[in-house]
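Each residue of the sequence shown is one higher than the one before, starting from 70 at the first, in the working numbering.
Okay, structure first, notes after.
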Amino acid sequence: MAATIGTHSHLLVLGEAEREQVMARVLHYLRSAPETGEGEFELPIVTLAVRGRRGPSAWRATACG
Numbered sequence: 070m071a072a073t074i075g076t077h078s079h080l081l082v083l084g085e086a087e088r089e090q091v092m093a094r095v096l097h098y099l100r101s102a103p104e105t106g107e108g109e110f111e112l113p114i115v116t117l118a119v120r121g122r123r124g125p126s127a128w129r130a131t132a133c134g
C-alpha cells in the first residue's frame, strides 16, 4: 500500500526530504491502524472518467465543404 501511495503525483513532485517525511508518516499510520496493520485488506478504487466528443466546427465545415 505504501509503495502505491508513493507513486501518486502529489508525492512525486515533493523534494526528497519532504517525500521521505510524508512516507514515514504514511507507514506509521498503516502499521498502527487495525485495518491495515497486518495481513491483507480490500482497497476499492473509484475512477471518474469524462468523455468528450467533437462536433462539427466552423473550421471543418469551411475546410471540408
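Where is the CB? At the ideal position from N, CA and C, for every residue including glycine.
Remember, it's a predicted structure, so these values are computed and weren't measured experimentally.
Looking at the backbone, the Cα of V95 and that of L80 are separated by about 11 Å. Taking 8 Å as the upper bound for CB-CB distance, L99 and A71 are in contact here, some 6 Å apart. Secondary structure note for T105: it is in no alpha helix (DSSP H), with a DSSP letter that is neither H nor E.
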